[in-house]
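Chemist: First to last, the sequence lines map onto chains A and B. Counting along the first sequence from 1, when you hit position 155 you're at 155 in the numbering used here, and nothing is skipped either side. Count along the second sequence from 1, add 418, and you get the number used in the numbering used here. Backbone N, C-alpha and C define an ideal beta-carbon position, used for all residues, glycine too.
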Amino acid sequence: MRYAPAILAGRLTRFAARLRKPGGGSAVPGLVVNRIAPGYLKRTLSGFPQGLVVVTGSSGKSTTTKMLVAVLRAHGIDVFTNPSTANISQGLTSALLERADWQGRVPGEMAVLEMDEGHGALVMQGVDARTVTLMNVMVDQVDRFHDSEMVAGMLARIAARARESVIVNADDAYLEQIATRVGADVSVRRFGVSETVVAASPRGLGYAKTVETRLAAGDGVRLESVDGRNAVIDDHGSAVAITLPARGTHYGVDATAAYATAQAVLGGRFDSAVTAAALSAIPAVFGRGERVNVRGQEVDFVLVQNTASYQLNVDSIEPGTSDILFAIGSDVRDPSYFWPADASSLGRVSIVSGSKSAEAALMLSYDGVAIDRVEPDLATAVDDFLAAPPPAFGTKTIVFSADSMRRTRAHLGLTGAE
Amino acid sequence: MTLTIITLLPSLQNTNGDAENAAVLAKRAGWAGLDARVVAVESRDDLPERVDAIVIGSGTDAALDVARTRLLDLHDDLRRWGTEGVPILAVGTGWELLSWGIELPDGSGVEGLGILPGRAVPHPAGRITGDLVVSERGTKQLLVGFENHARAYVGAEGSPLGRVRAGEGNALGSGQEGVVMGAVIGTHLHGPVLAKNPHLADRLLRTMAERAGLSYERGEQTRVVDAYAESARIAHLAAAGVDLESATATSPDV
Chain A
1 MRYAPAILAG
11 RLTRFAARLR
21 KPGGGSAVPG
31 LVVNRIAPGY
41 LKRTLSGFPQ
51 GLVVVTGSSG
61 KSTTTKMLVA
71 VLRAHGIDVF
81 TNPSTANISQ
91 GLTSALLERA
101 DWQGRVPGEM
111 AVLEMDEGHG
121 ALVMQGVDAR
131 TVTLMNVMVD
141 QVDRFHDSEM
151 VAGMLARIAA
161 RARESVIVNA
171 DDAYLEQIAT
181 RVGADVSVRR
191 FGVSETVVAA
201 SPRGLGYAKT
211 VETRLAAGDG
221 VRLESVDGRN
231 AVIDDHGSAV
241 AITLPARGTH
251 YGVDATAAYA
261 TAQAVLGGRF
271 DSAVTAAALS
281 AIPAVFGRGE
291 RVNVRGQEVD
301 FVLVQNTASY
311 QLNVDSIEPG
321 TSDILFAIGS
331 DVRDPSYFWP
341 ADASSLGRVS
351 IVSGSKSAEA
361 ALMLSYDGVA
371 IDRVEPDLAT
381 AVDDFLAAPP
391 PAFGTKTIVF
401 SADSMRRTRA
411 HLGLTGAE
Chain B
419 MTLTIITLLP
429 SLQNTNGDAE
439 NAAVLAKRAG
449 WAGLDARVVA
459 VESRDDLPER
469 VDAIVIGSGT
479 DAALDVARTR
489 LLDLHDDLRR
499 WGTEGVPILA
509 VGTGWELLSW
519 GIELPDGSGV
529 EGLGILPGRA
539 VPHPAGRITG
549 DLVVSERGTK
559 QLLVGFENHA
569 RAYVGAEGSP
579 LGRVRAGEGN
589 ALGSGQEGVV
599 MGAVIGTHLH
609 GPVLAKNPHL
619 ADRLLRTMAE
629 RAGLSYERGE
639 QTRVVDAYAE
649 SARIAHLAAA
659 GVDLESATAT
669 SPDV
């Protein structure tokens with residue numbers, strides 16, 4: 001009963017927000033509830049009977065969360081999760097509101113949440129998690145996180161909320177440091193990649209600091225090999241074959257992280273065949289390598305967030321793709337950190353757009369990419385790009401930063417998936 | 419004759435893409451019809467026979483000691499290049515490591531290599547981030563970019579890179595940014611500073627070409643790319659609140 005007034009206020013706000021912007025998922029209702037009932041988020045997160053699992057890190061947390069949820073649901077567990085666009089406090093509360101009854105109770109036996117590495121430490125204050133999964137520390141939006149130590153510090157604070165287990169990426173030196181400092185009663189489990197996978201990744205794994213040696217088979221769950229969309233995970237000696245949602249080593253690492261986390265959470269109930277089937281059935285994820293049908297044609301959406309994801313996602317675009325729209329928005333205040341990546345494989349880009357279009361065009365030209373046109377106005381660019389005749393080769397592909405992705409989706413009337 | 423640009427310790431000193439300035443020089447040389455290559459130098463063993471320009475970017479504070487230890491092996495080379503007039507571009511902590519030294523908030527310090535005058539000292543108001551616009555000493559050309567540094571810089575007031583038009587630069591009320599000694603430049607302007615400031619890139623390239631007995635003229639593609647740079651510069655100046663009239667009056671012809 002105690003949260004009923006706040007829930008009502010949040011609901012009304014959401015109703016008002018949707019009248020203003022149809023189809024919009026707004027963080028404002030969450031803001032209202034967090035104001036009126038500051039304890040709601042903490043209490044609700046702590047209230048799931050089978051506990052809370054948190055996935056965080058610089059990159060891959062969205063995909064890993066989706067994969068983990070699919071695996072747990074395949075094991076018959078009723079899971080509450082947050083959409084990847086709602087991984088900070090207000091958005092998270094809004095997401096809970098979506099599912100809450102009038103008293104604010106959210107159904108579900110277990111919560112699996114993707115947590116923003118910057119806001120997670122604050123959200124997790126006073127909230128205990130069963131398990132925290134740490135993906136990686138990468139050089140991220142430079143004006144937000146000044147350096148890797150700062151990101152590692154924030155992840156350490158989130159990890160400190162784990163009561164049962166911490167799952168770490170054993171290839172990431174910062175995370176291995178965090179692993180040495182968890183409480184004595186908290187178990188540490190590891191996932192990583194084999195030497196074969198590293199050898200097949202000429203640009204490395206993209207972590208801020210990579211451990212020199214690979215995780216030994218048997219010391220954790222290890223990604224053995226990736227070949228196109230096929231991957232093999234080694235689970236303490238037994239090989240598990242899976243299909244990835246798209247090409248790319250990072251998807252293999254995400255699947256391995258989800259596998260290791262599910263194993264820790266499910267204990268004796270864990271079934272590797274069920275897990276492999278669930279992982280293989282994952283559709284392409286929201287905003288990254290997503291194929292949508294819009295205005296009567298197929299278009300690939302590719303989201304870039306940091307140097308490593310930019311490199312990996314550009315590499316995963318089929319060489320020779322003739323129609324590419326490349327948009328960087330105001331969320332990337334200083335695109336300097338994208339420069340170490342090499343986008344030369346794109347060859348030619350049809351339109352460069354977004355509020356940072358000049359910076360993007362400059363960067364692409366130094367990678368030797370030819371540019372047909374620079375159109376700072378994203379709506380015009382998207383309209384013209386989609387109105388152009390079918391591509392000579394490949395699928396029309398839009399590469400964008402998070403802000404440009406939101407604007408593009410809004411412009412096309414596409415709503416977010418879960 | 420191939421121009422060789424080396425980038426020092428790129429595995430440690432490329433946090434903001436500053437090491438990519440080496441590639442910017444090589445690309446522009448290529449567009450001008452000159453042969454050029456970039457060589458990554460992580461230790462003295464990697465040093466090529468001939469060095470025409472040196473770029474060292476910015477790293478994290480955790481890497482300061484490791485980077486300094488590795489740079490010490492190159493101490494004599496750096497001194498020699500500096501004296502001989504080989505262009506050196508040092509950005510952020512890469513610049514600080516080439517200075518007299520770095521003072522840390524806990525009272526400890528990292529001794530620099532002493533290639534450039536001055537030292538980095540703690541900035542009492544904390545980290546400095548944002549747009550940085552500098553009117554270059556001598557040429558009055560505007561240099562634009564971003565700054566993101568934890569420390570101020572003192573002791574080089576006699577030879578700054580230029581006067582701060584927007585941002586903090588060397589900070590502590592100096593109104594100055596950077597330091598220049600001959601062809602050695604230290605700056606807080608991070609990221610692809612040479613791509614965003616083509617006139618600075620071309621000055622380094624002309625020095626390199628001259629020393630190698632070649633001549634440098636901007637190529638066709640350079641003009642196309644510099645038009646993008648000009649748009650990015652205008653956006654920077656607008657964001658930094660610097661008057662566009664005076665800015666375009668002093669920018670290079672594109």
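Determine the DSSP secondary structure at V186 (chain A), reduced to helix, strand or coil.
Modeler: By 1-based counting over the first sequence, the position of residue 186 (chain A) is 186. Looking at V186 (chain A) - three-state DSSP - the assignment turns out to be coil, as it is neither helix nor strand.
Chemist: For R189 (chain A), which residues from the same chain have a beta carbon less than 7 angstroms from its beta carbon, with the 5 sequence-adjacent residues on both sides left out?
Modeler: Sequence index remark: in the first sequence, residue 189 (chain A) carries index 189 (1-based). If we look at R189 (chain A) and ignore the five residues flanking it on each side, its Cβ neighbours are S165, I167, G220, A260, A264.
Chemist: Can you list, in chain order, the residues of its chain with a C-beta nearer than 7 angstroms to that of N615 (chain B)? Leave out the 5 residues immediately preceding and following it.
Modeler: Within the second sequence, numbered from 1, the residue matching residue 615 (chain B) stands at position 197. Counting only Cβ-Cβ distances below 7 angstroms, and skipping sequence neighbours, we find L561, V562.
Chemist: For A6 (chain A) and G126 (chain A), I'd like the C-alpha separation in whole angstroms.
Modeler: Along the first sequence, read from residue 1 onward, the residue named residue 6 (chain A) stands at position 6. Along the first sequence, read from residue 1 onward, the residue named residue 126 (chain A) stands at position 126. Spanning the two alpha carbons is a distance of roughly 20 angstroms.
Chemist: Tell me whether the beta-carbon of A170 (chain A) lies closer than 8 angstroms to the beta-carbon of V132 (chain A).
Modeler: Residue numbering aside, residue 170 (chain A) sits at position 170 when the first sequence is read from its first letter. Residue numbering aside, residue 132 (chain A) sits at position 132 when the first sequence is read from its first letter. No; because the gap between Cβ atoms is not below 8 angstroms, this pair is not in contact.
Chemist: For G10 (chain A), which three-state DSSP category applies?
Modeler: Here residue 10 (chain A) corresponds to residue number 10 of the first sequence, with the count starting at 1. Helix.
Chemist: Is the segment 295 to 311 of chain A touching the segment 200 to 210 of chain A in the sense that three or more CB pairs, one from each, lie closer than 8 angstroms?
Modeler: The answer is yes - the segment 295 to 311 of chain A touches the segment 200 to 210 of chain A, with three or more Cβ pairs under 8 angstroms.
Chemist: Does P340 (chain A) have its Cβ less than 8 angstroms from a Cβ in chain B?
Modeler: As a first step, residue 340 (chain A) must be located in the first sequence, where it is residue number 340. Answer yes: the Cβ-Cβ gap between P340 (chain A) and chain B drops below 8 angstroms somewhere.
Chemist: Where are the beta strand (DSSP E) runs, 3 residues long or more, that stay fully inside the segment 569 to 593 of chain B, in chain order?
Modeler: Here the runs fully enclosed are 569 to 572, 580 to 584.
Chemist: Which residue marks the beginning of the beta strand (DSSP E) containing I652 (chain B), and which one marks its end?
Modeler: Stepping through the second sequence from its first residue, residue 652 (chain B) is reached at position 234. Note, I652 (chain B): premise wrong, no beta strand (DSSP E); alpha helix (DSSP H) at 638 to 658.
Chemist: Which bits of chain B does S344 (chain A) rub up against, with CB to CB less than 8 angstroms?
Modeler: Locating residue 344 (chain A) in the first sequence gives position 344, where the first residue counts as 1. Ordered by position in chain B, no residue passes the 8 angstroms Cβ test against S344 (chain A), which lies about 11 angstroms from the chain.
Chemist: Buried or exposed: where does E529 (chain B) fall if 16 or more other Cβ atoms within 10 Å of its Cβ makes it buried?
Modeler: Sequence index remark: in the second sequence, residue 529 (chain B) carries index 111 (1-based). E529 (chain B) is exposed by the Cβ-count criterion.
Chemist: Can T56 (chain A) and G120 (chain A) be called in contact, C-beta distance under 8 angstroms?
Modeler: The residue labelled residue 56 (chain A) in the question sits at position 56 within the first sequence. The residue labelled residue 120 (chain A) in the question sits at position 120 within the first sequence. Cβ distance < 8 angstroms, so T56 (chain A) and G120 (chain A) count as in contact.
Chemist: Per DSSP, which residues does A560 (chain B) bridge with? Please list them.
Modeler: Against the second sequence, residue 560 (chain B) aligns to sequence position 142. The identity of residue 560 (chain B) in the sequence shown is Leu, whereas the question assumes Ala. According to DSSP, which records beta bridges pairwise, L560 (chain B) is partnered with B:S553.
Chemist: For a test of the three-state rule: what should DSSP assign to D470 (chain B), helix, strand or coil?
Modeler: Counting from one through the second sequence, the residue named residue 470 (chain B) turns up at place 52. Three-state result, D470 (chain B): coil.
Chemist: Taking a contact to mean a Cβ-Cβ separation below 8 angstroms, would you say F385 (chain A) touches L346 (chain A) in this structure?
Modeler: Locating residue 385 (chain A) in the first sequence gives position 385, where the first residue counts as 1. Locating residue 346 (chain A) in the first sequence gives position 346, where the first residue counts as 1. Contact: no.
Chemist: Grouping DSSP H, G and I as helix and E and B as strand, with all else coil, what is M150 (chain A)?
Modeler: Indexing the first sequence from 1 puts residue 150 (chain A) at position 150. Three-state DSSP puts M150 (chain A) in a helix.
Chemist: A381 (chain A) touches chain B at which residues, Cβ-Cβ below 7 angstroms?
Modeler: Position 381 of the first sequence holds residue 381 (chain A). Correct list: empty, because the minimum Cβ distance to chain B is about 15 angstroms.
Chemist: Compare the Cα-Cα distances from E565 (chain B) to each of B:A454, B:S649, B:T511 and report the closest residue.
Modeler: Position 147 of the second sequence holds residue 565 (chain B). Among B:A454, B:S649, B:T511, the Cα nearest to that of E565 (chain B) belongs to B:T511.
Chemist: Is V418 (chain B) helix, strand or coil when you go by DSSP?
Modeler: An answer regarding residue 418 (chain B) cannot be provided, because it is not within the stretch 419 to 672 covered by chain B.
Chemist: At least one CB of chain A closer than 8 angstroms to the CB of H608 (chain B): is that the case?
Modeler: In the second sequence, the residue the question calls residue 608 (chain B) occupies position 190. Judged by the 8 angstroms Cβ criterion, H608 (chain B) is in contact with chain A.
Chemist: Scan the segment 208 to 254 of chain A and note each continuous alpha helix (DSSP H) run of 4 residues or more that stays entirely inside, going in chain order.
Modeler: None, since the segment 208 to 254 of chain A contains no complete alpha helix (DSSP H) of that length.
Chemist: Per DSSP, what kind of secondary structure is G50 (chain A) in: helix, strand or coil?
Modeler: Counting from one through the first sequence, the residue named residue 50 (chain A) turns up at place 50. The question names Gly, but residue 50 (chain A) is Gln in the sequence shown. Reduced to three states, the DSSP call for Q50 (chain A) is coil.
Chemist: Just the chain B side, please: which residues come within less than 9 angstroms of Y207 (chain A) by C-beta, in chain order?
Modeler: Taking the first sequence and counting its residues from 1, the one referred to as residue 207 (chain A) is at position 207. Here the premise fails: no neighbours, minimum Cβ distance about 12 angstroms.
Chemist: Express the C-alpha separation of A379 (chain A) and S353 (chain A) in angstroms, rounding to a whole number.
Modeler: Position 353 of the first sequence, counted from the first residue, corresponds to residue 353 (chain A). Position 379 of the first sequence, counted from the first residue, corresponds to residue 379 (chain A). Rounded to whole angstroms, S353 (chain A) to A379 (chain A) spans 9 angstroms at the Cα level.
Chemist: Distance check for G394 (chain A) and E224 (chain A), CA to CA, integer angstroms please.
Modeler: Looking up residue 224 (chain A) in the first sequence gives position 224. Looking up residue 394 (chain A) in the first sequence gives position 394. Their Cα atoms are separated by approximately 30 angstroms.
Chemist: What would DSSP say about Q297 (chain A), mapped onto helix, strand or coil?
Modeler: For the purposes of this step, residue 297 (chain A) is taken as the residue at position 297 of the first sequence. In this structure, Q297 (chain A) counts as strand in the three-state DSSP scheme.
Chemist: Compute the Euclidean distance between the alpha carbons of D315 (chain A) and S577 (chain B), then round it to the nearest angstrom.
Modeler: Taking the first sequence and counting its residues from 1, the one referred to as residue 315 (chain A) is at position 315. Taking the second sequence and counting its residues from 1, the one referred to as residue 577 (chain B) is at position 159. Rounded to the nearest angstrom, the two C-alpha atoms are 44 angstroms apart.
Chemist: For chain A, check one thing: does any of its Cβ atoms lie closer than 8 angstroms to the Cβ of E514 (chain B)?
Modeler: Here residue 514 (chain B) corresponds to residue number 96 of the second sequence, with the count starting at 1. Chain A, which has no Cβ nearer than 8 angstroms to the Cβ of E514 (chain B), makes this no.
Chemist: Kindly list, in the order they appear in chain A, the residues whose Cβ is closer than 7 angstroms to that of T478 (chain B).
Modeler: Counting from 1 along the second sequence, the entry for residue 478 (chain B) is found at position 60. Near T478 (chain B) (Cβ distances below 7 angstroms), the residues of chain A are D147, S148, E149.
Chemist: Using a Cβ-Cβ cut-off of 8 angstroms, state whether I643 (chain B) counts as contacting chain A.
Modeler: Stepping through the second sequence from its first residue, residue 643 (chain B) is reached at position 225. Per the sequence presented here, residue 643 (chain B) reads as Val, with Ile not at that position. At least one chain A Cβ lies under 8 angstroms of V643 (chain B).
Chemist: Based on Cα-Cα distance, which residue from B:I472, B:E467, B:R621 lies nearest to G556 (chain B)?
Modeler: The residue given as residue 556 (chain B) occupies position 138 in the second sequence. Of the listed residues, the one whose Cα sits closest to G556 (chain B) is B:R621.
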